[in-house]
DNA sequence: AGCATTGTTTCACA
DNA sequence: TTGTGAAACAATGC
């Protein structure tokens, strides 16, 4: 369930392992750990201590006294602590010197585990300032939703948050960035930040009023059936009456 | 059976 | 050249 709010929750949970030493690593899922060979990540990490945890967008960075461990949850990844490492869907795990474990559970295996990740990400959605956001989003000829989903522009916004923010800002997801005026971009910027913050408070993306309504197919403000189409390659729902 | 899925990368094309 | 969008990736659930 990972968009920025879920990943940030994982970051907070990871704070508990700071200061622990890595005793063993399970890196034998060659798809999730690609392009590293089985044992390669383990060899690089064993014996090192976790010294910090950072997040940019949906990317998690675990600093150690050795390499940086990069974690990405893909579509279905999540972290578990102090559970057995042989459970179904365990794709990667770390055991610490205190006997505790960190397990990456990821049924669909679209998550990634890498050493020293090279990031090509834009500014984090929670940190980007208004003028920068307006400039980056407002200069594109792509549908505004596709622009929001582009992690190289603003990092952390996924499909649900994008729909949520556009609904709050009352903007049609199919409109081109260049066709939005300054006031609309201001609204969108505020809507993005509010959507992210609310999702974090609610414990996840898609738990908002619109997130619930998105499934039901009815706009929670005016009861109009939501429109649905592929925008930016993703299923998109919006209120055809309010979002212009 | 068929289709959709809260993500990212690659590749074809304008 | 730059940007855009569809397909591929893997696996599950409806």
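Numbering (this note's numbering), first residue to last: 1 to 244. Glycine included, C-beta positions come from ideal geometry on N, C-alpha and C. Predicted model, so just to flag it, every value in this text is computed and none were measured.
| Query | Result |
| --- | --- |
| Around the C-beta of residue 192, are 16 or more other C-beta atoms found within 10 angstroms, so that it is buried, or is it exposed? | buried |
| In terms of residues, what are the limits of the alpha helix (DSSP H) holding residue 8? | 4-14 |
| Measuring CB atoms only, is the stretch 103-116 touching the stretch 134-145, in the sense that at least three cross pairs come out at less than 8 Å? | no |
| Using only the alpha-carbon positions, how far apart do residue 141 and residue 179 sit? | 8 Å |
| Pairing CB atoms from the stretch 22-32 with CB atoms from the stretch 90-98, are three or more of them under 8 Å? | yes |
| So does the stretch 219-231 actually touch the stretch 188-207, counting three or more Cβ pairs closer than 8 Å? | no |
| Which whole runs of the alpha helix (DSSP H) in the stretch 50-92 are 4 residues long or more, in chain order? | none |
| Figure out for me which residue from 158, 157, 186 has the closest Cα to the Cα of residue 171. | 186 |
| Look at residue 96 and residue 22 and say whether their C-beta atoms are less than 8 Å apart. | yes |
| Give me whichever residues DSSP pairs with residue 124 in a beta bridge. | 155 |
| Check this for me: beta carbons of residue 111 and residue 189, under 8 Å apart or not? | no |
| Below 8 Å on the Cβ atoms is my contact criterion, and I expect residue 143 with residue 117 to pass it. Report the Cβ-Cβ distance as a whole number of Å. | Contact doesn't hold; Cβ gap of about 28 Å is too wide. |
| Three-state secondary structure (DSSP) at residue 195? | helix |
| By DSSP, does residue 23 sit in helix, in strand, or in coil? | strand |
| Just to confirm, is the Cβ distance from residue 53 to residue 14 under 8 Å? | yes |
| Going by the beta-carbon positions, is the gap between residue 50 and residue 18 smaller than 8 Å? | yes |
| Quick check on residue 31: buried or exposed, where buried means 16 or more other Cβ atoms within 10 Å of its Cβ? | exposed |
| Can you give me the C-alpha to C-alpha distance between residue 82 and residue 183, rounded to a whole angstrom? | 49 Å |
| Which value, in whole angstroms, describes the spacing of the CA atoms of residue 100 and residue 146? | 41 Å |
| Using 8 Å as the threshold, is the C-beta distance between residue 119 and residue 167 below it? | no |
| Considering only C-alpha positions, which residue in the set 222, 220, 215 is nearest to residue 236? | 215 |
| Which whole-angstrom value is the C-beta distance of residue 3 and residue 156, which I expect to be below 8 Å? | 7 Å |
| Could you compute how far the alpha carbon of residue 10 sits from the alpha carbon of residue 149? | 21 Å |
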